[in-house]
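Enquirer:
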Amino acid sequence: IADAYEAAFDAAVSADERIEPRDWMPEAYRASLVRQMAQHAHSEIIGMQPEANWITRAPSLRRKAILMAKVQDEAGHGLYLYSAAETLGTSRDELLDKLHTGRQKYSSIFNYPTLTWADVGAIGWLVDGAAITNQVPLCRCSYGPYARAMVRICKEESFHQRQGYELLLTLSQGTPEQHAMAQDAVDRWWWPSLMMFGPPDDASAHSAQSMAWKIKRHSNDELRQRFVDICVPQAQSLGLTLPDPDLRWNEERGHHDFGAIDWAEFQDVLKGNGPCNEQRISQRRQAHEEGAWVREAAAAYADKHQTAQHT
Ligand code: 3HC
């Protein structure tokens, strides 16, 4: 019988059909989706911290309103993704506990500090830009709830990317000091943004299996290359340079060649030694503890409400 289920699963995946929560699936498929979706959700909620730092310091009411909307969106993305992960038989509490105890990861990119207002622009343009390049293919992921969550998230990410681009353009075309601030932010966020796509393909533990299951539709290096090719002309129209002397168009490949990424830095950040790892996790744990009363009140209300319905 199990073979018949496995055969049906394989046939559905190869026919580009969606696997839904009640369908039979290999336990390894379930576990890999929980791993990726949970870490994606963790990235969204930790990702609120770097920019929240600038909400009270935004240079205008318009910028403040935009930034508040963006940070709220990231919280919403986290909730969609935790809900989608729960369809696989796990719980938000369990996933958050794994985050708080270092048993699950969040994206390396959020362990870097936001030193000036221009960082908000660089994050929107580069970090949310990289997220879009990585997440659009995920709209075609074989697991239904994840693919559907991505459709709405990608729409909101394009607003994030555009507001960041526009912020940088304003600074770049501003005073020499503003231009220098925008350039400094791009210099600091460029390489860590390339690391968001994951290790090189030949060092990627999950890619082969993830692509066989049509969770990952393109390899890490393929999407990283796509992102570089998108950013080069955008940097030109921003009037900013990218901090890579080896960056050049390669007519033969039809892509831009670019310099070596510092994978030692990447591994170091993953080990918890990035500039802000400790701060991000302790702030997350504190927010969780301080939010306990809200969770308890909501649960008590739900219980009372349910018993009222059944009496
Ligand atoms: N930061 C932290 N960990 C990373 C990483 C990164 N940038 N890139 C890879 N890793 C981890 C992987 O999770 C895996 O560790 P694990 O086994 O403990 O999970 C290990 O490094 C090996 O990497 P693989 O390439 O084998 O892993 P994947 O096949 O999972 O590929 C990925 C990594 C491309 C990030 C993939 O997981 C993915 O596409 N995830 C969904 C997208 C996502 O998580 N994006 C986070 C960006 S932030 C964001 O979207 C918020 C937005 O608002 C900006």
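For the sequence shown, full-length UniProt numbering begins at 5 and goes up steadily by one. Note that the Cβ used here is the ideal one computed from N, Cα and C, for glycine as well.
Alpha carbon to alpha carbon, what distance is there between D14 and R124?
Expert: According to the sequence shown, residue 124 is Val rather than Arg. Straight-line Cα distance between these residues: approximately 44 Å.
Enquirer: Any idea what DSSP makes of R144, helix, strand or coil?
Expert: Looking at R144 - three-state DSSP - the assignment turns out to be helix.
Enquirer: Check whether the stretch 42–49 and the stretch 97–115 touch, using three or more Cβ-Cβ pairs below 8 Å as the test.
Expert: yes
Enquirer: Measuring from the CB of N57, is there a heavy atom of ligand 1 at a distance below 7 Å?
Expert: no
Enquirer: Taking 7 Å as the cut-off, does the CB of H104 come closer than this to any heavy atom belonging to ligand 1?
Expert: no
Enquirer: Is A209 a contact residue of ligand 1, with contact defined as CB to any heavy atom under 7 Å?
Expert: yes
Enquirer: The alpha helix (DSSP H) that contains R252, what's its start and end?
Expert: R252: not part of any alpha helix (DSSP H); member of the beta strand (DSSP E) spanning R252 to N254, first to last residue.
Enquirer: Who are the Cβ neighbours of I59 in its own chain at under 8 Å, not counting the five residues just before and after it?
Expert: K68, L71, M72 and V75
Enquirer: I'd like the list of long-range same chain contacts for T91, defined as Cβ closer than 8 Å, with 5 residues on each side in sequence excluded.
Expert: P25 and P149
Enquirer: Taking the alpha helix (DSSP H) that D97 belongs to, which residues open and close that run?
Expert: R96 to H104
Enquirer: Should the stretch 267–277 be regarded as contacting the stretch 196–209, the criterion being three or more beta carbon pairs within less than 8 Å?
Expert: yes
Enquirer: In three-state DSSP terms, what is D248?
Expert: Coil at D248, not helix or strand.
Enquirer: Roughly how far, in whole angstroms, is the beta-carbon of G128 from the beta-carbon of Y169, given that I think they are within contact range, below 8 Å?
Expert: With 8 Å as the limit, G128 and Y169 qualify as a contact, their Cβ atoms being about 7 Å apart.
Enquirer: On the criterion of 16 or more Cβ atoms from any shown chain inside 10 Å, does N254 qualify as buried, or is it exposed?
Expert: exposed
Enquirer: Checking 8 Å against the spacing of the C-beta atoms, do M41 and A88 come in under that value?
Expert: yes
Enquirer: Applying the 10 Å Cβ sphere with the 16-neighbour rule, what's the burial state of Y116?
Expert: buried
Enquirer: Can we count M154 as close to ligand 1, meaning its CB is less than 7 Å from some heavy atom?
Expert: no
Enquirer: Given 7 Å as the limit, tell me if G51 has its C-beta closer than that to any heavy atom belonging to ligand 1.
Expert: yes
Enquirer: Whose CA, out of R34, P204, E98 and D266, lies closest to the CA of H292?
Expert: Per the C-alpha coordinates, the member of R34, P204, E98 and D266 positioned closest to H292 is E98.
Enquirer: Going by DSSP, name the residue or residues bridged to I23.
Expert: Y147
Enquirer: Could you check the C-alpha separation between A19 and A12 for me, to the nearest Å?
Expert: 10 Å
Enquirer: Over what stretch of residues does the alpha helix (DSSP H) that includes H260 continue unbroken?
Expert: Note, H260: premise wrong, no alpha helix (DSSP H); beta strand (DSSP E) at H259 to D261.
Enquirer: If you run the structure through DSSP and keep just helix, strand and coil, what is Y169?
Expert: Helix at Y169.
Enquirer: Rounded to the nearest angstrom, what separates A79 and C143 at their Cα positions?
Expert: 19 Å
Enquirer: Going by C-alpha to C-alpha distance, which of W194, S208 and L171 sits closest to H183?
Expert: L171
Enquirer: Nearest-angstrom Cα distance between D266 and E21?
Expert: Rounded to the nearest angstrom, the two C-alpha atoms are 38 Å apart.
Enquirer: Would you please state the rounded distance, in angstroms, between the beta carbons of F262 and D248? I believe it to be under 8 Å.
Expert: Sure, about 5 Å apart at Cβ, within 8 Å.
Enquirer: Which term fits E31, buried or exposed, when burial requires 16 or more other beta carbons within 10 angstroms of its beta carbon?
Expert: exposed
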